[in-house]
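Take a look at the structure below.
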Amino acid sequence: MKVLIPSALRSYTAQAYAEAGGDTLAAVLAELDRSYPGIRFRMIDEQNRIRPHIRFFVDGEQVFDLARRLDGVQELVIVQALSGG
Amino acid sequence: MASENKGAAQRGPGTVVLLVATRKGAWLYHGDATRQHWRVDGPHFLGHIINHLVLDPRDGRTLLAAAKTGHLGPTVFRSTDLGRNWQEAARPPAFAPAPDGQGGRSVDHTFWLTPGHAEQPGVWYAGTSPQGLFRSEDGGVSWAPFSPINDDPQYRKWMGSVQDGTPDGPKLHSIIVDPREAEHLYFAMSGGGVHESGDGGRSFAPLLDGIEVVEGFDGSDPTFHDPHCVRLCPTHPDRLYQQNHCGIYRLDRPSDTWQRIGRAMPAEVGDIGFPMVVHPRDANAVWVFPMDGTSVWPRTSPGGKPAVYGTRDGGESWQRLDAGLPAEQAWWTVKRQAMTADSADPVGLYFGTTSGELWMSGDEGRQWTRIAAHLPEIYAVEVAMGVEGAP
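Chains A and B supply the protein sequences, listed in that same order.
Residues 2 to 86, numbered by my numbering, are exactly what the first sequence covers, in order.
Residues 9 to 399, numbered by my numbering, are exactly what the second sequence covers, in order.
Written out as structure tokens, the structure reads:
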């Protein structure tokens, strides 16, 4: 599927969109990390928690569960939710 | 104790590079042999929070940078060509995953970096927020939890919760490797006290005797101890100095009891601060940067009049060293990693301020000049000498 990368993570991908596949959000992020080593840990901590300020939308719906199945999903949008100074 | 640099030949500084880590990136300042002219290289990692930038003294070219941004997880960047190119660590410091159903800790940021012993090339130690101790054996490419303390129930109790830490999170810092013995280690936690290992980190024990705590708390409990910065004298490794939340201390091993040498500071200035800087050769000479730790802890220069204080007699007496610094209305201070010394003779001293100014003295604190202004808040200043191949 198509994955929209937020600007803060484009130092990894060098482009706004990346391609990654998988049955679940976790699987897509794992494939993304294989293509762009290190990118997953900037979004997901060592306890498999989504970091603060990172949000995931699949075909327009916000997803909080890494185990969420992504059958038929066309696009994953990763958002860096800016806050603070 | 006799001064250990008496009779030392005058030593020029050669090339000097200041490694400046800030809330918004990193800068390198290259000094000439006079230490009067500085060339700036940066910003590196503009917008990233850089807590520490350290050169490996064993190879003179590998830089490690402890980084995160306000919105992404932490990482470590490394350069093997003095910052021309950077690569991200393959496995940054991260706690071990907790068993299912138990909320484990996650590293918010790596705060402190210490190169390993001279005879252990490639070994580095890292301290994190919340408090964790990590080690790399491959020059900072991959990191693993080090020693049992990260998950030890007793140590976890002493670390307290995130709410017990500094405003920027509780930290493990001041990781010290005894230059005589790679297995002999110290570290400090804010909060959580100073700890020592004689077996290469397989076990640690508190080293608290003589340290005061905030009135009303139990001084025998490491939880209530808040060391701000601990330094070991490089040419006299049995002597340590500590700037603590509750004063300035000296420890002479094999004693386990710290002596509060800050009692000799002027009462109107006090002995609260963050950094502690030791002389490279004279174990009786150290410098501190006092701050206002009264009432609500403004964490500014006392009275808006910044000054370094130095001692030449192990803390028996202190001298105010403020020539060249603003005489009034300067409300900045200096964080625990943001003051350091080079190894030239006379020693050069350097500090970076919370207001983004970089200051130096080429004569051991007698006269100060400003190298740079208008930088972001400075978190750390380290100095590297004799560096070859600077970009």
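A virtual CB, placed ideally from N, CA and C, is assigned to each residue, including glycine.
As the structure is a computational prediction, the values presented were derived from the model and not from experiment.
The three-state secondary structure of glycine 91 of chain B, taken from DSSP, is coil. DSSP places valine 29 of chain A in the helix class (H, G or I) of the three-state scheme. Of the candidates B:Ser137, B:Leu216 and B:Tyr194, the residue whose Cα lies closest to the Cα of lysine 179 of chain B is B:Ser137. Each residue's CA atom was taken as its position, placing alanine 31 of chain A and leucine 10 of chain A some 15 Å apart. If the five residues before and after tryptophan 376 of chain B are omitted, its C-beta is found closer than 6 Å to the C-beta atoms of Gly332, Leu333, Trp367 and Ser369, all from its own chain and listed in chain order.
Here phenylalanine 282 of chain B is buried: its Cβ has 16 or more other Cβ atoms, across all protein chains shown, within 10 Å. Taking C-alpha positions only, glycine 81 of chain B is separated from glycine 39 of chain A by approximately 10 Å. DSSP, reduced to helix, strand and coil, places methionine 197 of chain B within a strand of the structure shown. For methionine 393 of chain B, the closest of B:Phe142, B:Ala190 and B:Pro288 by C-alpha to C-alpha distance is B:Pro288. With its beta carbon at least 8 Å from every one in chain B, aspartate 66 of chain A lies outside the interface. For the set B:Ser182, B:Ala102 and B:Met167, the Cα lying nearest the Cα of serine 144 of chain B is the one of B:Ala102. When secondary structure is reduced to three states using DSSP, asparagine 252 of chain B falls in the strand class.
Under the three-state reduction of DSSP output, leucine 216 of chain B falls in the coil class, being neither helix nor strand. Within 8 Å of the CB of phenylalanine 42 of chain A, the CB atoms of chain B belong to Gly81, Thr83, Pro100 and Ala102, in sequence order along the chain. Judged by DSSP secondary structure, serine 12 of chain A falls within the alpha helix (DSSP H) whose first and last residues are 11-14. Of the residues B:Ser351, B:His233 and B:Ala73, the one whose Cα lies closest to the Cα of glycine 91 of chain B is B:Ala73. Counting the other Cβ atoms within 10 Å of the Cβ of tyrosine 18 of chain A gives fewer than 16, which makes it exposed. Here aspartate 207 of chain B is near glutamate 191 of chain B, since their CB atoms are less than 8 Å apart. Residues of the region 6-32 of chain A with a C-beta less than 8 Å from any C-beta of chain B: Ala9 and Leu10, listed in chain order. Within the DSSP bridge table, the entry for valine 294 of chain B names B:Val286 and B:Thr319 as partners.
Neighbours of alanine 106 of chain B in chain A, taken as residues whose beta carbon is under 8 Å from its own, are Gln48 in chain order. In the displayed model, phenylalanine 232 of chain B falls within a helix according to three-state DSSP. Phenylalanine 65 of chain A and leucine 77 of chain A have their alpha carbons spaced roughly 13 Å apart. Its chain contains Ala190 as the residues whose beta carbon lies nearer than 7 Å to that of glutamate 127 of chain B, once the 5 sequence neighbours on both sides are disregarded; these appear in chain order. Rounded to whole angstroms, valine 238 of chain B and valine 202 of chain B show a C-alpha spacing of 8 Å. Cβ neighbours of tyrosine 37 of chain A within its own chain (closer than 6 Å, five residues either side excluded): Tyr13 and Thr14. Inter-residue distance for glutamine 63 of chain A and phenylalanine 57 of chain A is about 6 Å (C-alpha atoms, whole angstroms). Around the CB of histidine 233 of chain B, 16 or more other CB atoms lie within 10 Å, so the residue is classed as buried. Within the same chain, Cβ atoms closer than 7 Å to the Cβ of aspartate 350 of chain B are found at Pro21, Val24, Gly356, Val391 and Met393, the five residues on either side in sequence being excluded. Chain B places no beta carbon closer than 8 Å to that of glutamine 63 of chain A, leaving this residue out of the contacts.
In this structure, the beta-carbon distance from glutamine 48 of chain A to glycine 135 of chain B does not fall below 8 Å. Taking 8 Å as the cut-off, the Cβ atoms of valine 115 of chain B and glycine 140 of chain B count as close. The three-state reading of DSSP puts proline 334 of chain B in coil, since its state is none of H, G, I, E or B.
Listed by position along chain B, the residues whose Cβ is nearer than 9 Å to that of glutamine 75 of chain A form an empty set, because the closest Cβ is around 26 Å away. Against serine 114 of chain B, the close residues of chain A are Asp46, Glu47, Gln48, Arg50 and Arg52, in the order they occur along the chain (beta-carbon pairs closer than 9 Å).
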